[in-house]
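Going by mature numbering (1 follows the signal peptide of the UniProt record, and there is no 0), the letters in the sequence shown line up with residues -17 to -1, 1 to 853, in that order.
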Amino acid sequence: MASVCILFLLWATCMLSEEAVSETCRGTRCFPDPDWIGPCVGAHCQGLRDAASSRTFPNSAQPRPVRVYPSFQQDARFSPYQGQSAPLAPYAVVQAQQAVPDARRTNPKTLTADVAHPCAGGTCPPADGDDTAARGCKGVGCKLPGRMRHKPKPCVGNGCGAHAEELGRGGAAPVHVRDTAAQFLSEFGSETGAWIQLTCDMKAGANDVPSEDALVLQLQLSEDQKDLVEALKSQQEEVRELQRLLGEQQGTLLLQQREILEQQRSMFEQLEDVKSHYNLMMETIKQTSFQNIQGDLGGHVETPSVRDGAGNAQQALALHKVDMEASVMEDRDECLEIPGLCRDQQKCLNTPGGFRCPGMTEHDAFSGLCGHGYFFNAAVDECQACNDCDGEPAASPCTANADTVCSGAAASAAPEAALSLSWAGDVSLPGAEGHTLAHFSHGAQLHVSGRSDSALVAVEKGRLVLRQHGLVWLDENLSVHHGCRSFIQACLRLNSTHGSEGRHLSGVRVEQQDARSFQSASISGVAEVAPGDLISLSVRSASQHCNDSSEGVQLFHHSAASLSLLWLSHDTGAVAMTAQAAVSAHYHTNHRLAFRTTYTSDPYVVGLTHDGRGIRFAESGAVRFVFQQALYSMGHACVSEGFQVLAYLNHNGTGSELCRSFRPGVHYRDTSLSLSGAATVAPGDTLLLEILSPPQCNVRFFGDETGISALSLVWVPAALSSSLSASVSNASLPSGAVRNKPLFFRQTTAGVAQMDLQGRGSAGHRRDVVFRESGTASVALDLKLIHSCNLVKVTLLRRGAAEGARPVPLAQQVEGQMPEGSRYARVSLRASFQVHNGTAVFFTLDCVRGRVNQISHQSGSGVSILWVAA
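(1) Where does the unbroken beta strand (DSSP E) through residue 905 begin, and where does it stop?
(2) Quick check: the Cα distance between Thr654 and Ser623, rounded to an integer number of angstroms?
(3) Return the residue from the list Thr592, Gln247, Glu252 and Arg722 that minimises the CA-CA distance to Asp829.
(4) Less than 9 Å separating the beta-carbons of Val762 and Phe825?
(5) Would you mind working out which of Asp364, Gly336, Ala401 and Thr663 sits nearest Asn370, comparing C-alpha positions?
(6) My guess is that Thr822 and Phe728 are in contact by the Cβ rule of under 8 Å, so how many angstroms apart are they, rounded?
(7) Return the first residue and the last residue of the alpha helix (DSSP H) that residue 856 is part of.
(8) Identify, in the order they occur along the chain, each residue of the same chain with its Cβ nearer than 7 Å to the Cβ of Gln29, setting aside the five sequence neighbours on each side.
(9) Given Leu671, which residues of its chain have a CB within under 6 Å of its CB, disregarding the five upstream and five downstream residues?
(10) Using the rule of at least 16 other Cβ atoms within 10 Å of the residue's Cβ for burial, across every protein chain shown, is Gln502 buried or exposed?
(11) Just verifying my parser: in three-state terms, what is the DSSP assignment at Leu71?
(12) Near Lys724, what residues of its chain come up, given a Cβ to Cβ distance below 7 Å and the 5 sequence neighbours on each side ignored?
(13) So that I know if they touch, is there some Cβ in chain D lying closer than 9 Å to that of Ile838?
(14) Inspect the CB distances between the stretch 611 to 622 and the stretch 583 to 594 and report whether three or more fall short of 8 Å.
(15) Please determine, among Ser435, Pro341, Leu439 and His452, the residue with the shortest C-alpha to C-alpha distance to Gly445.
(16) According to the neighbour-count rule (16 or more other Cβ atoms, all chains shown, within 10 Å of its Cβ), is Pro380 buried or exposed?
(17) Using the Cα positions of Val493 and Tyr615, report the straight-line distance between them to the nearest angstrom.
(18) Can you tell me the Cα-Cα spacing of Leu202 and Ser217, whole angstroms?
(19) Cα separation between Ile769 and Asp687?
(20) With a floor of 4 residues, list each alpha helix (DSSP H) that falls wholly inside the stretch 189 to 275, ordered by position along the chain.
(21) Report the residue from Phe610, His541, Pro413 and Arg607 whose alpha carbon sits nearest the alpha carbon of Val522.
(22) DSSP three-state label for residue 854, please.
(23) Taking 8 Å as the limit between beta carbons, can you name the residues of its chain near Gly66, skipping five residues before and five after?
(24) Rounded to whole angstroms, what's the CA-CA distance from Met265 to Gly433? Just pull it up for me.
(25) Beta carbon of Gln611, beta carbon of Ile691: below 9 Å?
(26) Thinking C-beta only, is Val609 closer than 9 Å to Leu694?
(27) Considering only residues of the same chain and omitting the five flanking positions on each side of Gly351, which have a CB-CB separation below 8 Å?
(28) Determine the extent of the alpha helix (DSSP H) in which Glu624 is found, giving its start and end residues.
(29) Taking Tyr807 as part of the beta strand (DSSP E), name the residues at either end of that continuous run.
(30) Assign Ser847 to buried or exposed, taking buried as 16 or more other Cβ atoms, counted over all protein chains shown, within 10 Å of its Cβ.
(31) Please report how far the alpha carbon of His283 lies from the alpha carbon of Val791, in whole angstroms.
(32) To the nearest angstrom, report how far apart residue 876 and Cys529 are at their CA atoms.
(33) Am I right that Cys389 and Cys372 are in contact with their C-beta atoms under 8 Å? What's the rounded C-beta distance?
(34) Distance, Cα to Cα, Arg834 vs Val777?
(35) Using the C-alpha atoms, what's the distance from Ala385 back to His540?
(36) Our contact map puts Ser676 next to Thr572 with C-beta atoms below 8 Å; I'd like the distance itself, whole angstroms only.
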């Protein structure tokens, strides 16, 4: 619209300048002479000019005449004023005053001009409608729309002259034009000294959009913009989610790569060990070759006996070589060497120490699928090689589903002259080949098996029958899996032949777990026995819901003896004591235990303090003790933080911590805590026990006559005993994919002459415990660790007497998966065995299907040993 107005202004300016030059007067009647009938040209217009020039203006300067050219007549189709199709009468604009004193000048859109009708005199016909063209109306004013033309009163007679003079004096009414172009020209005219009246019309074009359509279009654009913004936001959320998933996948990939690198590193270490053992074997073979043996025998007369001796030596050397090769090459591939395995050679999978057949069951094992010299290990679902006990007697032979149980070293002295003896055996569920008891009513007696020693014990009907007077310390490493709704309780019981009733020596509770994995529980107790006394083990359920379980109760069959016995003669002067803890209703934090004595063989040497909170000793010696406490806990803090049992020794008024054990807690369930240790005591020393519980954990302790809250202790005079304690060393701790890695220790007590931890410079540095005198040893190990293994195995082994001989397993304990929600797990091992001068023992850790993440070396992990002379 602005461009059209500007073009119109340019055209109007040109027309104004052209009309200002011409002085020709045109019109039908220029003068009021009634006799004038022709056009007014030239001199005929003089009167009008004189009349116009004779006007006076406020200012002295004469203004330049200006004419206004209106727009062409609008078409009725595009007229904004519907219903006004007739054009308005034209106007003739004459010279306007530069200064108008009245208020009409205040409005910039109101332009005032002096207007004179073209009819100057005579009888003027009315100027209506389209008669202007017929009457010779010319000029720009004739082209103005009818609504904008001035309609003066008809001029008739002589009065027209006066009327014209009045018009010349400015008596005409003002014309109001409300238009933007007129305002622009008014401002332009004010600069040039004249006011200009303009009318600018617009024709609707193709680009015009009705206001309703524009609003709809704007709303549509707004909705489309919102949809676009929402789509962009959703795409950004998807990109963020994809980035998060990518980050998680990258983290998982990095973790897998670390595990692969760790496995490769472990493999390389094993290969280096194999190489070193092989080189050592070859050197040994070279040094002990048959030629050297034949040279040694060359000085003798060749007789049939000599020839037989040489042949036997050669055969022994060959067997020794085979044994060494078998011990070195334990990664033997049975799938390639033994034909017909797994009924399909392609399905056989080689494993360390055995092989695996997919889908193999215990029924297949009993049918002989594993073959001779192998047994089926149900814990790992694979066939493993039977243990040969390194030529020593076996407590129980290798069966289709159980490994050989070695008896250990036999006592060299006669029972009458011996001060201490040991015995080892195995425990299983009755009448179950797979060691599974599906249904039992409240309880079942466990079946004890092992060699019978006429001088010490005999095995009859699954129970131990004692043959000698003395004191007996028993340890059972139980690994049980049960599907009972509540806990099950394992009990150690002594039945006397002297007419007195039997009594429980100890009892522990194994909690219910949703994971249904194996749980370790160690049971220990002490008693004074006589010939004919019976010792038995049993398990019982707290409810009948165990009968409805299809899984029932299952025991893990260890590769070593699970039950061990330490016998002490009365000639040693040893003292046995049992006490029951005084149980209070509830404890929320620390609980200092108080006891009441249930049995003691010599109250003068070992007894309780006046308040019952400590066990006092009247003479020097070495003690072995165990404490077990059943409890019921509530709160998630019980599971995450767990419980700790501490033992303190008060010597000359100064208390020091002897040992501590950790136990993961439970939430709304029953479980048992246990602590076992050994220490050297002096006259006046006091042993104190304490239980540490999380602050946000509600605990209720239980105690009854079944030994679930009992202390068992044996004291041996210092002349015949000694003790040693060590904590797990923080150097070379096994971690990652651990496969039979040895544990290293740091000795925490003073050295003794009877035993010590192997020193620096030896092959078993900080690993082997070496005994210097013959006797009997009782060992207790506790480990506090974090792992993801299906099974964690802790094994106690004795090194063979011959160089390069395979170690002999003495005891083993197995723990299943970590309880859900707990930070640490715990596994304990207890055993008694015979030792000689030079006997060396060590511990190994084995992780089945998983990894060991951390072993606590600051507290909760350590070993304690009691030695008693033979």
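Note that CB positions come from ideal geometry on N, CA and C, so glycine has one too.
Let's see:
(1) The displayed coordinates of the chain run from -17 to 853. Any statement about residue 905 would go beyond what the structure contains.
(2) 15 Å
(3) Arg722
(4) no
(5) Gly336
(6) A Cβ-Cβ distance of about 17 Å is found for the pair Thr822 and Phe728, leaving them out of contact under the 8 Å criterion.
(7) Summary: the structure shown does not reach residue 856, with the chain confined to residues -17 through 853, and so no result is reported for it.
(8) Annotation note: pLDDT 47 at Gln29 (below 50); position unreliable, coordinate value reported separately. Same-chain partners within the cutoff: there are none.
(9) Gly597 and Tyr631
(10) buried
(11) Unreliable positioning characterises Leu71 in this predicted model, as indicated by a pLDDT of 40, which lies under 50. The coordinate reading is nonetheless provided below. Coil, per DSSP.
(12) Counting only Cβ-Cβ distances below 7 Å, and skipping sequence neighbours, we find Pro717, Thr827 and Leu828.
(13) Absent from the structure is chain D; it holds one protein chain and no more.
(14) By the criterion of at least three beta-carbon pairs nearer than 8 Å, the stretch 611 to 622 is not in contact with the stretch 583 to 594.
(15) Among Ser435, Pro341, Leu439 and His452, the Cα nearest to that of Gly445 is on Ser435.
(16) exposed
(17) 12 Å
(18) 23 Å
(19) 33 Å
(20) The qualifying runs are 194 to 270.
(21) Pro413
(22) For residue 854 there is no data in the structure shown, the boundaries of the chain being -17 and 853.
(23) Low per-residue confidence applies at Gly66: pLDDT is 40, beneath 50, and the placement is therefore not dependable enough to give any value.
(24) When rounded, the distance between both Cα atoms is 39 Å.
(25) yes
(26) yes
(27) Excluding sequence neighbours, Gly351 sits near Ala383.
(28) Boundaries of the alpha helix (DSSP H) harbouring Glu624: His619 to Glu624, taken from the DSSP string.
(29) It is not in any beta strand (DSSP E) - Tyr807 carries neither H nor E in the DSSP assignment.
(30) Using a 10 angstroms sphere on the CB of Ser847, the tally of other CB atoms reaches 16 or more, which defines it as buried.
(31) Note that His283 has pLDDT 40, beneath the 50 cutoff, so the model's placement of it is unreliable and the number below is only indicative. About 38 Å.
(32) Not covered by the structure: residue 876. The range shown for the chain is -17 to 853.
(33) 4 Å
(34) 14 Å
(35) 7 Å
(36) 6 Å
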